[in-house]
Amino acid sequence: MKEINIRELKENFVSMISDQWALLTAGKTDSYNMMTVSWGGIGELWGKDVCFVFVRPQRYTFEFMEKNDYFTLSFFGGDYKKELGICGSKSGRDTDKTALTGLEPVKVGEAVSFRQSKITVLMRKIAYQDIDPKGFIDPEICSNYKDSDFHRAYVGEIIKVLVDE
Ligand SMILES: Cc1cc2nc3c(=O)[nH]c(=O)nc-3n(C[C@H](O)[C@H](O)[C@H](O)COP(=O)(O)O)c2cc1C
C-alpha cells in the first residue's frame with residue numbers, strides 16, 4: 016500500500032461510499048468490529064481534513080467506536096459486494112464476520128483495515144454529535160428513523176490515506 020495525500024485521490028467519493036460501499040472498522044487487531052456503511056462524507060472542518068460517518072446506537076460497531084480513538088474506512092472499488100453485504104446484515108455480536116467473509120485484517124496505525132481494501136482512510140476520532148430530529152427540516156427524513164434510533168455522527172480527522180498499488 017502506498018500512502019497518498021487525500022487531495023491526490025482520483026476516485027469520486029460519493030460513488031465510492033454510496034454506490035460501492037465501505038467498511039467502517041473500529042478497534043485494534045486483537046479486538047475490532049466492522050460494518051458496511053454507505054452514508055458518510057469527506058471534507059474539511061475546523062481547519063482539518065475529515066471524514067464523517069453515521070452509526071446507529073444498536074450497532075455492535077458503535078461500542079467499538081465509543082471505546083477507541085481511531086477508526087478506518089476501507090474501500091473495495093466495487094469488488095467484494097457479497098462480503099460487504101454480509102458485513103452489512105450480520106452483527107459481530109453473534110457472527111465472526113472476518114471468518115465468514117475471508118477478509119484479512121491488517122494493522123493500520125492504531126486501527127484495522129483489510130488486505131483486500133483498495134483504499135484505506137485512517138481517522139482519529141475528534142468529535143461526535145447525536146442526530147437530533149428537532150433539526151429535520153424535510154419531514155421525509157423521519158422515515159429513516161421509525162425506531163427513533165438516531166445515528167451518532169462521528170467526525171474523524173484524516174491521519175493517513177493508503178492506496179493499493
Ligand atoms: C449498504 C449498507 C449501508 C449501511 N450503512 C450504514 C450506516 O451508514 N450506518 C449504520 O449505522 N448502519 C449502516 N448499515 C447497517 C449495518 O452495516 C448493519 O446493521 C451491520 O449488520 C451492523 O453490524 P454490527 O452489529 O456488527 O456493527 C448499512 C448496511 C448496508 C448493507
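Just so we're on the same page, our numbering is the position in the sequence shown counted from 1, plus 15. Idealized CB from N, CA, C, for every residue including glycine. Source: prediction; values computed, not measured.
Checking the 7 Å criterion, the Cβ of PHE90 is out of range of every heavy atom belonging to ligand 1. DSSP places MET50 within a strand segment (E or B) once states are collapsed to three.
Per DSSP, GLU172 lies in no alpha helix (DSSP H); the unbroken beta strand (DSSP E) holding it starts and ends at 167-178. In the DSSP assignment, TYR143 falls within the unbroken beta strand (DSSP E) covering 134-145. In this structure, THR87 has its beta carbon at no less than 7 Å from each heavy atom of ligand 1. Separation of PHE69 and PRO120 (C-alpha to C-alpha, rounded to the nearest whole angstrom) is 22 Å. Sequence-distant partners of ILE174 (beyond 5 residues in either direction) whose C-beta falls short of 6 Å from its own C-beta, in its chain, are LEU137, ARG139. A distance of 8 Å or more separates the beta carbons of ILE146 and VAL178. For the pair PRO72 and ASP164, the CB atoms are nearer than the 8 Å cut-off. The alpha-carbon of LYS97 is positioned some 20 Å away from that of VAL29. With fewer than 16 other CB atoms across the displayed protein chains lying within 10 angstroms of its CB, ALA114 is exposed. Look at LYS112 here: in three-state DSSP terms it is helix. Membership of GLY42 in the beta strand (DSSP E) is indicated by the continuous run 37-43.
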